[in-house]
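Here is the structure we will look at, set down as structure tokens.
Numbering (the numbering used here), first residue to last: 3 to 303.
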């Protein structure tokens with residue numbers, strides 16, 4: 003259950019195939035506070051200030067595993083043998099600015115690289131092969147439960163939100179997930195900073211240069227995300243034509259520094275927002291620290 007990561011992905015993922023980059027978290031913390039933004043040459047170079055306020059892939063795996071273990075303990079109280087899913091750190095390639103790396107373009111074009119754990123990650127999947135009655139799934143997620151109590155089973159009250167709800171509260175994820183907190187909108191700034199960056203004169207100049215570069219290569223596009231929108235949903239893998247377009251796209255992005263211009267603009271916008279809402283962002287870090295502590299304690303028991 004990749005809570006915070008999915009919140010951000012929901013903001014721009016449908017448009018931009020966004021994900022968290024592999025191994026960029028140290029750069030995320032370095033990217034904040036006015037540090038210089040490195041040139042974007044590969045997907046891993048796209049590291050924005052807001053990323054420092056998300057769980058790292060390793061932390062998320064600990065939280066996911068602890069959540070599964072706590073939910074399993076809850077299920078046992080109701081007589082169900084619910085397996086614990088041990089999560090591995092996710093490796094998701096950042097597609098916020100389309101394809102920016104030559105290797106990715108040549109191998110996958112605009113198609114999303116499949117994650118090894120995608121199939122196994124379905125919430126509530128039972129890997130043991132045991133067949134459980136429908137009531138087990140109700141208890142697990144309180145499906146069909148009425149009111150705050152979530153209903154009852156076998157003479158026991160089902161926790162609000164079922165066993166997954168109980169596990170989330172024990173970890174403190176209800177605080178991390180609460181969109182009504184009001185102080186900070188990670189989703190909002192992650193989405194809006196992209197739109198604001200597109201409106202800057204620097205980006206508009208870079209995109210005009212990118213359009214001209216692509217035209218020289220024989221491709222007619224008026225916006226840098228058009229190739230991704232055209233090819234990403236075609237088939238299950240990239241065609242030779244798609245790979246050729248992607249390679250030209252990447253070359254033009256590097257020549258015009260389009261992705262670097264975007265990253266610098268977004269970094270400036272996000273840093274300003276973080277500075278203006280410093281207390282709220284500090285609260286997010288405290289809440290996340292508490293979740294990690296609770297997760298480690300749950301796994302140690």
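Virtual Cβ for every residue (Gly too), placed ideally from N, Cα, C.
Under the three-state reduction of DSSP, which class applies to residue i: helix, strand or coil?
i	result
residue 221	coil
residue 158	strand
residue 1	Given a span of 3 to 303 for the chain in the structure shown, any question on residue 1 remains unanswerable.
residue 54	helix
residue 116	coil
residue 91	coil
residue 41	coil
residue 284	helix
residue 164	helix
residue 279	coil
residue 187	coil
residue 294	helix
residue 226	coil
residue 273	helix
residue 259	coil
residue 214	helix
residue 242	helix
residue 202	coil
residue 196	helix
residue 301	helix
residue 106	helix
Measuring straight from C-alpha to C-alpha, what distance separates residue i and residue j?
i	j	result
residue 234	residue 272	28 Å
residue 221	residue 98	22 Å
residue 251	residue 59	29 Å
residue 175	residue 166	11 Å
residue 277	residue 53	15 Å
residue 284	residue 263	28 Å
residue 225	residue 45	19 Å
residue 209	residue 281	36 Å
residue 110	residue 231	15 Å
residue 265	residue 236	28 Å
residue 136	residue 153	14 Å
residue 255	residue 214	11 Å
residue 2	residue 259	No statement about residue 2 is possible, as the shown extent of the chain runs from 3 to 303 and does not include it.
residue 286	residue 195	19 Å
residue 317	residue 219	This structure cannot settle anything about residue 317, because the visible part of the chain is limited to 3 through 303.
residue 228	residue 51	26 Å
residue 279	residue 108	41 Å
residue 211	residue 100	17 Å
residue 246	residue 42	20 Å
residue 295	residue 223	49 Å
residue 36	residue 95	Interpretation of residue 36 is limited by its pLDDT of 45, a score under 50 that renders its predicted location unreliable; no figure is taken from the coordinates.
residue 39	residue 104	20 Å
residue 125	residue 75	With a pLDDT of 44 at residue 125, under the threshold of 50, the modelled position of this residue cannot be trusted; read the value that follows with caution. Each residue's alpha carbon lies about 16 Å from the other.
residue 1	residue 140	Nothing can be reported for residue 1: it is not among the residues displayed for the chain, which extend from 3 to 303.
residue 79	residue 187	37 Å
residue 49	residue 162	37 Å
residue 134	residue 70	17 Å
residue 202	residue 253	22 Å
residue 106	residue 216	18 Å
residue 239	residue 102	18 Å
residue 207	residue 77	57 Å
residue 303	residue 160	23 Å
residue 297	residue 241	43 Å
residue 2	residue 84	Absent from the model: residue 2. The displayed extent of the chain is 3 to 303, so no value can be given.
Tell whether a beta-carbon distance below 7 Å holds between residue i and residue j.
i	j	result
residue 248	residue 112	yes
residue 82	residue 138	yes
residue 289	residue 178	yes
residue 2	residue 301	Because residue 2 is not part of the residues shown, which for the chain are 3 to 303, the question remains open.
residue 261	residue 199	no
residue 164	residue 143	yes
Can we say the stretch 109-116 touches the stretch 164-173, given the rule of at least three CB pairs closer than 8 Å? no
Decide yes or no for the touch test of the stretch 188-196 against the stretch 263-281: beta carbon pairs closer than 8 Å, at least 3 of them. yes
Determine contact between the stretch 57-72 and the stretch 85-95, defined as no fewer than three beta-carbon pairs at a distance below 8 Å. yes
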